[in-house]
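Trainee:
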């Protein structure tokens with residue numbers, strides 16, 4: 001019997017719960033660290049980015065309306081599926097980022113644990129970041145954080161972090177954004193997009209509604225200005241934009257007064273601040289009758 | 292009885308006609324001219340001084356110094372020196388004590404501040420006396436107590452001040468906006484350079500005297516007066532660490548652009564076009580009072596004003612009729628008169644903008660109704676005005692007028708009310724009127740606005756965070772959230 005001939009995967013975009021190719025028909029070569037061919041990934045266009053924003057916007061009210069307990073369980077379920085595909089992610093991290101098996105395994109395990117950590121915040125962050133306010137007068141007054149809406153994210157780009165980041169970087173920016181009810185358009189690591197597309201497959205087979213997470217592969221430098229200027233994007237997370245012209249992106253984002261998170265060196269550590277930064281505090285005053 | 296020419300009802304002498312009851316200005320001891328307040332002392336500005344007038348009479352009140360870039364430099368340098376050498380070395384408890392002193396001094400000089408505010412801004416004395424100045428004292432009192440409790444602000448242990456804060460404030464609540472900016476900044480341990488609005492510098496300069504009485508260390512608060520270019524020099528100064536701005540969305544956008552990439556922490560309180568939603572099960576008597584308070588408080592010069600009345604179709608006529616009746620009893624005139632409900636428009640420029648937008652509203656087909664009231668000859672005035680049958684696409688339903696002009700739209704279902712309320716790039720505030728608590732909570736959940744008033748409107752409190760969604764800006768002022776806008780923390784991380 002002849003040895004098994006491998007069946008390579010076609011790597012596509014993830015928009016609105018579906019896996020389209022770029023509408024532009026463009027692809028780019030994904031290579032190993034040593035320059036060997038791995039795959040042709042979709043080179044997403046401006047139009048793909050806009051389609052992703054439309055998908056994110058239409059998914060946002062429903063996702064935000066899900067109960068916090070429900071969102072927490074849906075997120076936890078993703079961690080379960082990541083665990084099931086652990087070996088696949090390790091392999092993809094090894095080939096795209098040139099890491100040792102031990103380093104790649106560490107990255108994947110850290111990513112799974114971060115996902116679990118964030119999942120647990122879904123039904124708690126409101127209690128910690130919100131408050132009842134003792135105003136002077138007969139009013140019940142409560143401040144609660146809610147999702148800001150659609151968040152465009154430049155994910156950490158591979159090769160600028162020891163230990164790699166092609167999966168961990170994505171998890172570190174997606175999870176804190178969506179646990180509150182935001183929906184996201186993420187531009188994955190350009191040079192190491194395989195883990196991103198596999199994460200999309202995990203999301204597609206989990207209980208996350210289509211459109212909550214949209215993943216684009218390609219050039220952050222090409223797509224970021226369109227996302228920064230898009231009037232239906234509420235916030236811009238520049239975590240992985242360190243090597244881009246990010247000041248210009250901030251200037252563009254100011255046209256629509258987007259909330260902007262500054263570039264970070266490496267992978268953002270899991271934190272409550274990252275969750276709260278993509279929320280809006282709503283304060284509601286209710287009258288109390290004078291009895 | 293109606294006037295044959297205008298169709299307006301002519302007011303008869305009745306119990307609603309009050310004898311004049313002007314608040315005395317003798318409590319004020321104003322100087323002829325005011326300098327900049329830098330490093331604890333009043334100094335001359337290097338720009339050309341300008342006059343501040345009473346918008347009710349157009350009479351000059353005082354001459355105000357104009358800070359140029361060199362003066363801004365000096366103010367920032369004083370703030371930096373005070374931060375490095377004095378303020379950052381004080382304990383939180385001692386910073387708090389200075390703020391408590393300031394709160395008490397504001398209370399002691401409350402009447403004087405209220406008179407100055409009404410004189411310079413044009414707002415009715417009953418508002419400056421009963422709302423603005425008491426809230427100023429409350430704001431300092433509230434944040435005074437935070438100064439030695441920063442570990443509990445929610446940013447992790449031992450959060451740090453940012454450094455020098457550059458603050459630019461508007462003319463609609465001159466002293467109150469100053470308090471919103473300065474109190475949390477100082478409590479968190481920052482020092483401040485603040486620029487009041489060009490037309491309303493007076494109360495800030497009286498406040499500088501209060502700082503001297505409080506013996507606040509020199510340079511902790513610096514006040515630079517001037518116009519837009521002074522503000523521009525201030526926010527763009529390389530040695531400021533924090534920028535806080537309250538004003539128009541256009542200027543807020545320009546500031547966000549100009550400081551992009553600088554690492555300065557930014558909070559913006561910008562414009563609004565708030566929906567005030569009245570359901571058919573609302574207590575209409577209270578709702579009418581709330582609508583009036585929502586849009587005619589402070590002549591409508593309120594970023595969170597309820598400028599779009601969304602009223603359920605089946606009570607539309609009744610609500611509008613009652614509103615017209617109520618508005619016909621409002622007294623417009625001398626801001627210093629204790630009976631005045633509607634004062635003067637703050638400036639000629641603003642009056643022209645209100646007129647222009649109102650004319651556009653009329654041209655675009657909305658029905659205009661103006662309260663019958665005599666307009667004084669001198670000064671800037673605009674009678675309370677309602678536009679009925681306004682469409683969602685109309686300019687006066689979209690653009691902030693910042694004056695006593697109410698646009699009335701109707702809806703049939705809660706879903707329609709929510710869609711119309713959210714149909715704006717702004718998201719600062721909203722109102723809901725209904726006797727049904729569950730409906731209020733469900734609608735409040737769906738509104739994209741930072742402050743929502745249920746069966747009330749335009750309530751403010753230092754403990755209550757205030758600030759907008761979307762293009763109404765970012766960050767919150769008031770409460771714990773308002774404190775964190777002036778701090779940086781190590782945070783609570785997963786490990």
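Protein chains in written order, with our numbering: chain A, 1 to 291; chain B, 292 to 786.
Built from N, CA and C at the ideal position, the CB exists for glycine as well.
For residue 139 of chain A, which residues in the same chain have their Cβ closer than 7 Å to its Cβ, ignoring the five residues on either side in sequence?
Mentor: 285, 286, 287, 288
Trainee: Using beta carbons (cut-off 8 Å, strictly below), is residue 110 of chain A in contact with chain B?
Mentor: no
Trainee: Compare the beta carbon distance of residue 184 of chain A and residue 56 of chain A with 8 Å and say whether it is the shorter of the two.
Mentor: yes
Trainee: At which residues does the alpha helix (DSSP H) containing residue 521 of chain B begin and terminate?
Mentor: Element bounds for residue 521 of chain B: 519-526.
Trainee: Measuring only the C-alpha atoms, how far is residue 335 of chain B from residue 433 of chain B?
Mentor: 34 Å
Trainee: Do the segment 215-226 of chain A and the segment 37-44 of chain A make contact, defined as three or more Cβ pairs closer than 8 Å?
Mentor: Enough Cβ pairs lie closer than 8 Å, so yes.
Trainee: In chain B, which residues lie less than 7 Å from residue 287 of chain A when you measure between Cβ atoms?
Mentor: 745, 746, 747
Trainee: Output yes or no for whether 8 Å exceeds the beta carbon distance between residue 390 of chain B and residue 479 of chain B.
Mentor: no
Trainee: Given a threshold of 16 other Cβ atoms within 10 Å of its Cβ, counted over all protein chains shown, does residue 137 of chain A qualify as buried or as exposed?
Mentor: exposed
Trainee: Buried or exposed for residue 684 of chain B, going by 16 or more other Cβ atoms inside 10 Å?
Mentor: Under this definition residue 684 of chain B is an exposed residue.
Trainee: Give me the DSSP bridge partner(s) of residue 276 of chain A.
Mentor: For residue 276 of chain A, which the question treats as bridged, DSSP gives no partner whatsoever.
Trainee: Kindly list, in the order they appear in chain A, the residues whose Cβ is closer than 7 Å to that of residue 760 of chain B.
Mentor: 280
Trainee: Could you say which of A:201, A:268, A:234 lies nearest to residue 763 of chain B if we only look at CA atoms?
Mentor: A:234
Trainee: With distances taken Cα to Cα, identify the nearest neighbour of residue 344 of chain A among A:271, A:201, A:241, A:206.
Mentor: As shown, chain A starts at 1 and ends at 291. That puts residue 344 of chain A outside it, with no answer to give.
Trainee: Can you tell me which residues form a DSSP beta bridge with residue 250 of chain A?
Mentor: Looking at the DSSP output, residue 250 of chain A shares a beta bridge with no other residue.
Trainee: Taking 8 Å as the threshold (beta carbon to beta carbon), is residue 85 of chain A in contact with chain B?
Mentor: no
Trainee: Quick one, which of A:187, A:147, A:191, A:195 has its alpha-carbon nearest residue 167 of chain A's?
Mentor: A:195
Trainee: What does residue 556 of chain B pair with, by DSSP beta-bridge criteria?
Mentor: B:533
Trainee: Which of helix, strand or coil does DSSP assign to residue 299 of chain B?
Mentor: Because residue 299 of chain B sits at a pLDDT of 48, beneath the cut-off of 50, its placement in the model cannot be relied upon, and the following sentence gives the value as read from the coordinates. Three-state result, residue 299 of chain B: coil.
Trainee: Check the Cβ of residue 741 of chain B against every Cβ in chain A and list those closer than 9 Å, keeping chain order.
Mentor: 280, 281, 282, 283
Trainee: Restricting to Cα atoms, I'd like to know which of A:198, A:270, A:242, A:281 is closest to residue 90 of chain A.
Mentor: The residue with the shortest Cα to Cα distance from residue 90 of chain A is A:198.
Trainee: Does the pairing of the segment 772-779 of chain B with the segment 597-610 of chain B give three or more beta-carbon distances under 8 Å?
Mentor: no
Trainee: I need the straight-line Cα distance from residue 300 of chain B to residue 573 of chain B, nearest angstrom please.
Mentor: Note that residue 300 of chain B scores a pLDDT of 48, beneath 50, so its modelled location is shaky and nothing firm can be said.
Trainee: Identify, in the order they occur along the chain, each residue of the same chain with its Cβ nearer than 6 Å to the Cβ of residue 504 of chain B, setting aside the five sequence neighbours on each side.
Mentor: 396
Trainee: What are the partner residues of residue 324 of chain B, as DSSP defines its beta bridges?
Mentor: B:354
Trainee: Run through chain E and tell me which residues come within less than 9 Å of residue 735 of chain B, C-beta to C-beta.
Mentor: The chain inventory of the structure shown lacks chain E, comprising the protein chains A and B.
Trainee: Where does residue 781 of chain B land, buried or exposed, given buried means 16+ other C-beta within 10 angstroms?
Mentor: exposed
Trainee: Quick one, which of A:11, A:46, A:248, A:176 has its alpha-carbon nearest residue 116 of chain A's?
Mentor: A:176
Trainee: Are the C-beta of residue 400 of chain B and some C-beta of chain A separated by less than 8 Å?
Mentor: no
Trainee: State the DSSP-derived secondary structure class of residue 381 of chain B, mapped to helix, strand or coil.
Mentor: coil
Trainee: Three or more beta-carbon pairs under 8 Å between the segment 576-596 of chain B and the segment 744-752 of chain B, yes or no?
Mentor: Three or more beta-carbon pairs drawn from the segment 576-596 of chain B and the segment 744-752 of chain B are found closer than 8 Å, and the two stretches are therefore classed as touching.
Trainee: As a quick exercise: from B:769, B:655, B:649, B:596, pick the residue whose alpha carbon is nearest that of residue 752 of chain B.
Mentor: B:769
Trainee: Whose Cβ in chain A lies nearer than 7 Å to the Cβ of residue 551 of chain B?
Mentor: 247, 250, 251, 254
Trainee: Is it buried or exposed, residue 367 of chain B, if we count other Cβ atoms within 10 angstroms and call 16 or more buried?
Mentor: That one is buried.
Trainee: Is there at least one non-hydrogen atom of the ligand MN closer than 7 Å to the beta-carbon of residue 581 of chain B?
Mentor: Among the components of this structure there are no ligands whatsoever, and the ligand MN is therefore not found.
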